[in-house]
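Structure, as structure tokens:
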Amino acid sequence: MHEGTVTLFLGGDVMLGRGVDQILPHPGDPALREAYIHDARAYVDLAEDANGPIPRPVGFSWPWGEALGVLDGAAPDVRVINLETSVTADGEFAPGKGVHYRMSPANLPCLAAARPDVCVLANNHVLDFGRRGLEETLDALAGAGLRTAGAGRDALAARRPAIVPLDTGGRVLVFSFGMPTSGIPHGWAAGEEQSGVDFVERPSAAATAAFADRLRQVKRPGDIAVASVHWGPNWGYDVSSGEVRFAHALVDAGADIVHGHSSHHPRPLEIHRGRLVLYGCGDLVDDYEGIGGYEHYRDDLRLLYLVTVEADTGRLAGVRMVPLQARRMRLEHPSPDDTEWLRATLGRYCRGFGTGVDREPDGTLTLRTLRGAGSGG
Numbered sequence: 001m002h003e004g005t006v007t008l009f010l011g012g013d014v015m016l017g018r019g020v021d022q023i024l025p026h027p028g029d030p031a032l033r034e035a036y037i038h039d040a041r042a043y044v045d046l047a048e049d050a051n052g053p054i055p056r057p058v059g060f061s062w063p064w065g066e067a068l069g070v071l072d073g074a075a076p077d078v079r080v081i082n083l084e085t086s087v088t089a090d091g092e093f094a095p096g097k098g099v100h101y102r103m104s105p106a107n108l109p110c111l112a113a114a115r116p117d118v119c120v121l122a123n124n125h126v127l128d129f130g131r132r133g134l135e136e137t138l139d140a141l142a143g144a145g146l147r148t149a150g151a152g153r154d155a156l157a158a159r160r161p162a163i164v165p166l167d168t169g170g171r172v173l174v175f176s177f178g179m180p181t182s183g184i185p186h187g188w189a190a191g192e193e194q195s196g197v198d199f200v201e202r203p204s205a206a207a208t209a210a211f212a213d214r215l216r217q218v219k220r221p222g223d224i225a226v227a228s229v230h231w232g233p234n235w236g237y238d239v240s241s242g243e244v245r246f247a248h249a250l251v252d253a254g255a256d257i258v259h260g261h262s263s264h265h266p267r268p269l270e271i272h273r274g275r276l277v278l279y280g281c282g283d284l285v286d287d288y289e290g291i292g293g294y295e296h297y298r299d300d301l302r303l304l305y306l307v308t309v310e311a312d313t314g315r316l317a318g319v320r321m322v323p324l325q326a327r328r329m330r331l332e333h334p335s336p337d338d339t340e341w342l343r344a345t346l347g348r349y350c351r352g353f354g355t356g357v358d359r360e361p362d363g364t365l366t367l368r369t370l371r372g373a374g375s376g377g
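Counted the way the UniProt record's numbering counts, the sequence shown spans residues 1 to 377.
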């Protein structure tokens, strides 16, 4: 922590189930109920066909690859990821879903290798193995000493923010909620006496007011509030007007950072009233190598978001994005050409939000406000 600032690592979707779980030391049951693939080990075969052999078993740190060194060098004060995987050997396949993710609880050291301070859970895979699977997920993460937000044994627990204390005396508050636009079934909503996720039906004034009320009850001077939202489609750079209005309303209600996720690739970034809005962080860890159909989005290219804010005000001080590439189910540094493709593509879609993306000599990407663009977004 530099004096007067707080740096957060904000990660996109972390999917340690299915093929990733199968290469780790304690793979769970590989059975799947997908339309075309019925064994999770087939995803390992696809990755090997694309980029070469993967040793098995790999060490727990393997999927993170060179990201761990980047994080150690950056030394963020708080690390937040979207854990899009149930952690269970129990439960039954959730009906009506085409894809189910689970990782063996015995493989949790893989998650712990990235040292997340908060795992947000309000997403469309945390109940892939039903409420029994969610119970085991919550127990396993708590047993590993990992804070969670966005899912719980009832609505009160699902809505409770994760709280990370800072050396400054302030705290980072992480709220997590998700919307049906990301594929979360309505039936997964937590209730007064029912476990589930903090479910927001739509980006509305009522949802904003509810968030503002919760924030008012817990936020103190010196706290940094993160609104982590699972929303929108898997593919595409366009951001709906409803998402923009909702993101702005969350900032107006007191959020210092909007941490959006669900898309499989990075979406635009915006600065609204001096606060950062990430409309979609993209995937971080998964088993998607070798799967065809959306190659033009280059979802093999990933970003680590390092967001620095003023400790006393929460205003944005800077954004660094470190490009990585998934190869052999491991994150590596991409080529200069791939880094430039990512910079140019992301920059093209950021332009409509008054932001630009620059490339530093070390390959890191940085966010800037375009000349003549206001900070109101």
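Here a beta-carbon is modelled for each residue, glycine too, at the ideal position from N, C-alpha and C.
Note that the structure is a prediction, hence the values are computed from the model and not measured.
Quiz prompt | Exposure label - Pro161; buried when at least 16 CB within 10 Å | solution = In the assembly as shown, Pro161 is a buried residue. Its beta-carbon has 16 or more other beta-carbons within 10 Å.
Self-check item: First through last residue of the beta strand (DSSP E) which encompasses Asp283
Solution: Where Asp283 is concerned, the enclosing beta strand (DSSP E) starts and stops at Asp283 to Val285.
Quiz item: For Gly130, which residues from the same chain have a beta carbon less than 7 Å from its beta carbon, with the 5 sequence-adjacent residues on both sides left out?
Solution: Within the same chain, Gly130 has close Cβ partners Gly91, Glu92 and Ala94.
Quiz item: Under a Cβ-count criterion, where at least 16 other Cβ atoms within 10 Å of its own Cβ denotes burial, should Ser335 be classed as buried or exposed?
Solution: Classification for Ser335: exposed.
Quiz item: How many Å lie between Leu10 and Gly19 at the Cα?
Solution: Their Cα atoms are separated by approximately 24 Å.
Practice problem: Kindly list the residues whose CB is nearer than 7 Å to the CB of Leu141, restricted to its own chain and excluding five residues on each side of it in sequence; keep chain order. | Solution: Excluding the 5 residues flanking it on each side, Leu141 has same chain C-beta neighbours closer than 7 Å at Val87, Cys119 and Thr148, in chain order.
Exercise. Report back the beta-carbon spacing between Ala113 and Trp64 to the nearest angstrom; my notes put them in contact at under 8 Å.
Key: The pair is a contact, with the Cβ atoms about 6 Å apart (cut-off 8 Å).
Practice problem: For Ala155, I'd like the list of residues in its chain whose CB is within less than 7 Å of its CB, leaving aside the five on either flank, ordered along the chain. | Solution: Result list for Ala155: Ala190, Gly191 and Glu192, in chain order.
Practice problem: Would you please state the rounded distance, in angstroms, between the beta carbons of Met15 and Glu84? I believe it to be under 8 Å. | Solution: Contact between Met15 and Glu84 is confirmed by a C-beta separation of about 5 Å, below the 8 Å threshold.
Quiz item: The beta strand (DSSP E) with Arg147 in it runs from where to where?
Solution: Arg147 to Ala149 is the extent of the beta strand (DSSP E) around Arg147.
Quiz item: Does the beta-carbon of Gly376 have 16 or more other beta-carbons within 10 angstroms, so that it is buried, or is it exposed?
Solution: Low confidence applies to Gly376: its pLDDT is 44, below 50, so where it sits in the model is not reliable, and the reading given next is rough at best. Gly376 should be labelled exposed.
Quiz prompt | Reduced DSSP category for Arg368 - H, G, I as helix; E, B as strand; rest coil | solution = The answer is strand: DSSP assigns Arg368 an E or B state.
Exercise. Tell me Ile163's beta-bridge partners as DSSP assigns them.
Key: Bridge partners of Ile163: Leu173.
Quiz item: Roughly how many angstroms lie between the CA atoms of Gly203 and Phe246, to the nearest whole one?
Solution: For the sequence presented, residue 203 should be read as Pro rather than Gly. Those two C-alpha atoms are separated by around 5 Å.
Practice problem: Would you tell me roughly how many angstroms separate the C-alpha atoms of Asp39 and Leu173, rounded to the nearest one? | Solution: Answer to the nearest angstrom: the Cα atoms are 39 Å apart.
Quiz item: Would you call Ala225 buried or exposed, if buried means 16 or more other Cβ atoms sit within 10 Å of its Cβ?
Solution: Around the Cβ of Ala225, a 10 Å sphere holds 16 or more other Cβ atoms; the residue is buried.
Self-check item: Meets three-Cβ-pair contact criterion under 8 Å: the stretch 290 to 301 and the stretch 250 to 257
Solution: Short answer: they don't touch.
Quiz item: Who are the near neighbours of Gly280 in its chain, counting only those whose CB is closer than 7 Å to its CB and skipping five residues on each side?
Solution: Cβ within range, chain order: Gly232, Gly260, His261, Ser262, Ser263, Pro266 and Arg267.
Self-check item: Where Gly374 falls, given that 16 or more other Cβ within 10 Å makes a residue buried
Solution: Because Gly374 carries a pLDDT of 48, less than 50, the predicted location of this residue cannot be relied on, and the following value inherits that uncertainty. With fewer than 16 other Cβ atoms from the protein chains shown falling within 10 Å of its own Cβ, Gly374 counts as exposed.
Quiz item: How do the stretch 131 to 138 and the stretch 50 to 59 stand: do at least 3 beta-carbon pairs fall below 8 Å, yes or no?
Solution: No, the stretch 131 to 138 does not touch the stretch 50 to 59.
Quiz item: Thinking C-beta only, is Ser182 closer than 9 Å to His248?
Solution: Not in contact: His248 and Ser182 (Cβ atoms no closer than 9 Å).
Quiz item: Nearest to Leu306 by CA position, among Leu370, Gly318, Ser176 and Ala31, is which residue?
Solution: When only C-alpha atoms are compared, the closest one is Gly318.
Exercise. Determine which residues share a DSSP beta bridge with Asn82 and list them.
Key: Residue pairing by DSSP puts Asn82 in a beta bridge opposite Asp13 and Val120.
Exercise. Under 8 Å by Cβ, that's how I've got Ala122 and Gly150 pegged, so tell me the actual separation to the nearest angstrom.
Key: With a Cβ gap of about 3 Å, Ala122 and Gly150 count as contacting.
Quiz item: If we ignore side chains and look at the alpha-carbon of each, how far apart do Arg371 and Arg359 end up?
Solution: Distance between the alpha carbons of Arg371 and Arg359: 17 Å.
Exercise. Quick one: using the 10 Å Cβ neighbour count with 16 as the cut-off for buried, is Arg159 buried or exposed?
Key: By the 16-neighbour rule on beta-carbons within 10 angstroms, Arg159 is buried.
Quiz item: Which residues does DSSP pair with Phe199 in a beta bridge?
Solution: Within the DSSP bridge table, the entry for Phe199 names Gly178 as partners.
Quiz item: Does the separation of the CB atoms of Gly222 and Arg273 fall below 9 Å?
Solution: No, the Cβ-Cβ distance between Gly222 and Arg273 is not below 9 Å.
Quiz item: Where does the unbroken beta strand (DSSP E) through Ile224 begin, and where does it stop?
Solution: Here the beta strand (DSSP E) through Ile224 covers Ile224 to His230.
Quiz item: Quick one, which of Gly59, Glu310, Pro185 and Asp287 has its alpha-carbon nearest Asp300's?
Solution: Checking every option, the nearest Cα to that of Asp300 belongs to Asp287.
Quiz item: Is Tyr36 buried or exposed, if buried means 16 or more other CB atoms sit within 10 Å of its CB?
Solution: Under a 10 Å Cβ-count criterion, Tyr36 is classified as exposed, with fewer than 16 other Cβ atoms of the shown protein chains found around its own Cβ.
Quiz item: Which same chain residues, not among the five before or five after Glu48, have their C-beta less than 7 Å away from its C-beta?
Solution: If we look at Glu48 and ignore the five residues flanking it on each side, its Cβ neighbours are Ile54.
Quiz item: When you compare only the Cα positions, how much space is there between Met1 and Asp77?
Solution: Note that Met1 scores a pLDDT of 49, beneath 50, so its modelled location is shaky; the value from the coordinates is reported in the next line. Taking C-alpha positions only, Met1 is separated from Asp77 by approximately 6 Å.
Quiz item: Under the three-state reduction of DSSP, which class applies to Tyr297: helix, strand or coil?
Solution: Tyr297: helix per DSSP, three-state reduction.
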